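Q: The following block contains the structure, expressed as structure tokens.
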Amino acid sequence: MANTQSGLSGRVKKKIEPQDEDLCFNGSNVERFLEYYELAAELDGASEYDMAQQLCLFIKGDNIKDIFETLNDFKPPDWTKLKASMIEYWGQVDTAEFTARDLDNLVLKWKTKGGVTSTVDYHEFRGVWKPIQSYLILKKHIDSKKEIRKAYYQSLSPNVQDNIQKHIVLNKTMVTTLDNRFKLPTFAIPFKAANETMKKMGESKQPKENTSVPY
1 MANTQSGLSG RVKKKIEPQD EDLCFNGSNV ERFLEYYELA AELDGASEYD
51 MAQQLCLFIK GDNIKDIFET LNDFKPPDWT KLKASMIEYW GQVDTAEFTA
101 RDLDNLVLKW KTKGGVTSTV DYHEFRGVWK PIQSYLILKK HIDSKKEIRK
151 AYYQSLSPNV QDNIQKHIVL NKTMVTTLDN RFKLPTFAIP FKAANETMKK
201 MGESKQPKEN TSVPY
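With full-length UniProt numbering applied, the sequence shown covers 1 to 215.
Here's what the structure looks like:
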């Protein structure tokens, strides 16, 4: 049975004591957590004021607590507003269409296969990469394409990488470090080089037209 104590305003507080002692919020599945938390509060006869006031005790992780404190600034504690703020913030995390891990997994997949080698590979790779890249930049998971240019380059096969490097050197867009090591330029340059390299590879594999004069 829940413990009770008198508040400063004469309000009788109910301590929320879930049957599941491990109930806590760690930044994921926010709506499921709130559902269990509300059920525990209802079973203990706690008010919405109690729920808002005691929720901080069920937050796990310093980073999550810091974010929670910025959301939980209602005076007096307001459960309805606090709940809405949590869902608005963490609900977006739960329903994220893509994360940086999706990009890492895509790169790993192609590196395991030896890298993007053909135009068919490239179209398949680009078809998956493009929406992930757009989403991560739009949702501020990453600040710019600059952060992911190396991952893009590493997804290509060594042979394609060499061809891109030659293309960049030929067009004098290569960036070198102070100790004369190769460094990728801005994302747009290797991206354009990759497109042109793949285009040439595709054209080289097309059957040449027979221009000989028949007897």
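All C-beta atoms, glycine included, are put in the ideal place defined by N, C-alpha and C. These numbers were taken from a predicted model, which means no experiment stands behind them.
1) Sort Tyr-49, Glu-69 and Ala-46 by Cα distance to Cys-56 and report the nearest one.
2) Between the C-alpha atoms of Asp-78 and Phe-25, what's the straight-line distance to the nearest angstrom?
3) Can you give me the C-alpha to C-alpha distance between Thr-176 and Ile-164, rounded to a whole angstrom?
4) In the structure shown, what three-state DSSP assignment does Thr-112 receive?
5) I need the straight-line Cα distance from Ala-40 to Pro-18, nearest angstrom please.
6) Figure out for me which residue from Pro-158, Ile-189 and Asp-179 has the closest Cα to the Cα of Asn-171.
7) Would you call the segment 111-129 and the segment 78-92 touching, i.e. three or more CB-CB distances under 8 Å?
8) Check whether the segment 124-138 touches the segment 97-116, taking contact to mean three or more Cβ pairs, one atom from each stretch, closer than 8 Å.
9) Is it right to say Lys-14 is buried, meaning 16 or more other beta carbons lie within 10 angstroms of its own, or is it exposed?
10) Apply the 10 Å Cβ neighbour rule to Gly-7 and answer buried if 16 or more other Cβ atoms are within range, or exposed otherwise.
11) Output yes or no for whether 8 Å exceeds the beta carbon distance between Ala-52 and Ile-16.
12) Is it true that the CB of Val-107 sits closer than 8 Å to the CB of Gln-154?
13) So, Leu-156 versus Ala-194, is the Cβ gap smaller than 8 Å?
A: Reading off the structure:
1) Glu-69
2) Answer to the nearest angstrom: the Cα atoms are 18 Å apart.
3) 15 Å
4) helix
5) 5 Å
6) Ile-189
7) no
8) yes
9) buried
10) In this predicted model, Gly-7 has a pLDDT of only 45, less than 50, meaning its place in the structure is not dependable; the value taken from the coordinates is given anyway. That one is exposed.
11) no
12) yes
13) yes
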